[in-house]
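As they're listed, the protein sequences go chains A and B.
Under my numbering, read the first sequence as residues 1 to 278, first letter to last.
Under my numbering, read the second sequence as residues 1001 to 1126, first letter to last.
Every residue, glycine too, gets a C-beta built ideally from N, C-alpha and C.
Just so it is clear, the structure is predicted and the values come from calculations on it, not from any experiment.
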Amino acid sequence: MQGNVIFVVWRESVEALLVVGILQSWLSTNAPDARRARAFLWSGVAAGLAVAGLLGWALIALTEALSDTAQEILRTGLVLVAAALILQMVVWMRRHGRTLKRDLEGSLDKAVATENWWGVFLLALIAIAREGSETVVFLTGILSVDLGGGRLGAIAAAGLGLVAALATYAALQIGARFLSWRLFFRITETMLLFLALALLMTGVDGLVELDVVPRLSRRLWDTSMILSDGGAFGGLVSGLTGYRARPDLTQLLVFLSYWILVPWLLSRPRRSTVPNPT
Amino acid sequence: MATDRDHSLSRGLFVLRLIGAGLVLAAVAMGLPQTARADDPVFRIVFEDGKMTPSRLEVPADTRIELELVNAGKTPAEFESLPLRKEKVIAPGVTTSMVIKGLDPGEYSFFDDFHPDAPPAVLIAK
């Protein structure tokens, strides 16, 4: 049971920590106005925690009032917005990775940065609020009963889960310090791209459930013998990569178009014609 | 310079639009009624601190069904199934319902995401 608590707390927070951790490393290294950028990020985290508490409370108190469809719409909306924001961040990082500091130090348009900081704020908020609200429900329930191991055991386990999550975060920060920036950027960019796809796939599943998008076909194939997406481990893999064991045509098309469109989007040269400082 | 400003403007608008879309979604979500219909066949799944009963549930394929999810345990449960595209948190002592639209014949595993060490259960559509 205690191992369970540790795992659930870690898993629920790891996605948000990935996003926050990568943004934190990126902003510290690349943003010229790093202090201000980080203020946006951490205000987003704080706001996310507040919203998570509120949502968690709503999930417990308003179960009857919030219809199934309402929850589905809310969840679908949140994952789609999160996916869009992550993609926007990755594109932005890629385009401005090497030039942002110079651009802004050359006192070009600082508004560009400010508006992206709001994107950072919103992304941190949604990332934390989405999984955080479930953690709130989970912990409220776990901590309100005696599970044999005693309440203290459960609290300790929840604490350990949080420590494991923070260790993941620390690993990211250490990675940023010891790997070459280029390599770290490559790795985290890939992780973010997979995460955005996983969110998009969940969002599309939601849209299908809501009858907004057609399913186009029955399942095309079944790889659940190799890796089932129906269990706890497969679920975690799917949640971080967008893997589906039994995809239908809609899921397949989303998956394929994502990997065609996104590399194109990333390789597109910058539109703006900022003159090179001479 | 001008293009840079356009760029920043469009990005600002993009973020605003996202926030707007989120708010509209939330508003719509609050006002929607339950979608279950009276004549849907109802199947009951009971969660009890990691145990799911029944662990094999047969349902008709290609038919709308309603799952009645009961948490009889002391700890919260989360019905989760990617193959079913469903995810729902159930607080202790709560009974909630979930509509499943027509399923292809086959097996769909689901598990309690808040008790991941327990074996998954399976829904069989025939």
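For Ser1097 (chain B), the residues of chain A that pass the 9 Å Cβ criterion are Asp68, in the order they occur in the chain. Rounded to whole angstroms, Val213 (chain A) and Ile1045 (chain B) show a C-alpha spacing of 29 Å. Per DSSP, the unbroken beta strand (DSSP E) holding Asp1112 (chain B) starts and ends at 1106-1112. Thr223 (chain A) sits exposed, since fewer than 16 C-beta atoms from the chains shown fall within 10 Å of its C-beta. Exposed is the label assigned to Leu256 (chain A), since fewer than 16 other Cβ atoms lie within 10 Å of its Cβ.
Exposed is the label assigned to Ser267 (chain A), since fewer than 16 other Cβ atoms lie within 10 Å of its Cβ. Nearest neighbour of Ile6 (chain A) by Cα position, chosen from A:Asp211, A:Thr202, A:Phe138, turns out to be A:Phe138.
With a contact defined as Cβ atoms closer than 8 Å, Gly206 (chain A) and Val79 (chain A) qualify at about 7 Å. Residue-level contact by beta carbon holds for Ser238 (chain A) and chain B, with a gap shorter than 8 Å.
The Cβ of Asp33 (chain A) sits no closer than 8 Å to any Cβ of chain B. Of all residues in the segment 205-219 of chain A, only Asp205, Val208, Glu209, Arg218, Arg219 place a beta-carbon less than 7 Å from a beta-carbon of chain B. For Gly203 (chain A), there are no neighbours in chain B by C-beta distance under 9 Å, as the nearest C-beta there is about 11 Å away. Neighbourhood of Val91 (chain A) in chain B, by CB distance below 9 Å: empty, with the nearest CB roughly 10 Å away. Counting along the chain, the unbroken alpha helix (DSSP H) around Val208 (chain A) starts and ends at 181-209. For Val51 (chain A), there is no enclosing beta strand (DSSP E); the residue is found in the alpha helix (DSSP H) stretching over 34-61.
Uninterrupted beta strand (DSSP E) stretches at least 3 residues long and entirely within the segment 226-277 of chain A do not occur.
For chain A, none of the residues of the segment 1050-1064 of chain B brings a beta carbon within less than 7 Å of one of its beta carbons. With contact defined as three or more Cβ pairs closer than 8 Å, the segment 223-232 of chain A and the segment 163-183 of chain A are not in contact. Taking the beta carbon of Val1089 (chain B) as reference, the chain A residues within 7 Å of it are Leu59, Glu134, Val137, listed in sequence order.
Interface annotation, Phe1114 (chain B): in contact with chain A, CB-CB separation under 8 Å. By the rule that beta-carbons nearer than 8 Å mark a contact, Phe7 (chain A) touches chain B. Put simply, of B:Pro1060, B:Ser1081, B:Phe1047 the residue whose alpha carbon is nearest the alpha carbon of Lys1074 (chain B) is B:Phe1047. In the three-state scheme derived from DSSP, where H, G and I count as helix and E and B as strand, Ser1097 (chain B) is classed as strand.
For Met1052 (chain B), the number of other beta carbons within 10 angstroms of its own is at least 16, and it is reported as buried. Ser217 (chain A) carries a coil assignment under DSSP once its states are collapsed to helix, strand and coil. Sixteen is the threshold: when 16 or more other Cβ atoms of the shown chains lie within 10 Å of the Cβ of Arg246 (chain A), as they do, the residue is buried. According to the DSSP assignment, Val1059 (chain B) belongs to the beta strand (DSSP E) that extends over 1056-1059. When Cβ pairs closer than 8 Å are counted between the two stretches, the segment 11-29 of chain A is seen to touch the segment 161-171 of chain A, the count reaching three or more. Boundaries of the beta strand (DSSP E) harbouring Lys1086 (chain B): 1086-1090, taken from the DSSP string.
Residue environment analysis places Ala198 (chain A) among the buried positions, since at least 16 neighbouring C-beta atoms fall within 10 angstroms of its C-beta.
Ala1121 (chain B) is a Cβ neighbour of Arg1056 (chain B), given a cutoff of 8 Å. In the displayed model, Ala1121 (chain B) falls within a strand according to three-state DSSP. Counting only the Cα atoms, Thr188 (chain A) lies some 23 Å from Gly161 (chain A). C-alpha of Ser133 (chain A) to C-alpha of Asp1113 (chain B): approximately 14 Å in a straight line. With distances taken between CA atoms, Trp92 (chain A) lies nearest to A:Phe185 out of A:Val237, A:Leu143, A:Ala127, A:Phe185. Contact between Pro1083 (chain B) and Tyr1108 (chain B) is confirmed by a C-beta separation of about 4 Å, below the 8 Å threshold.
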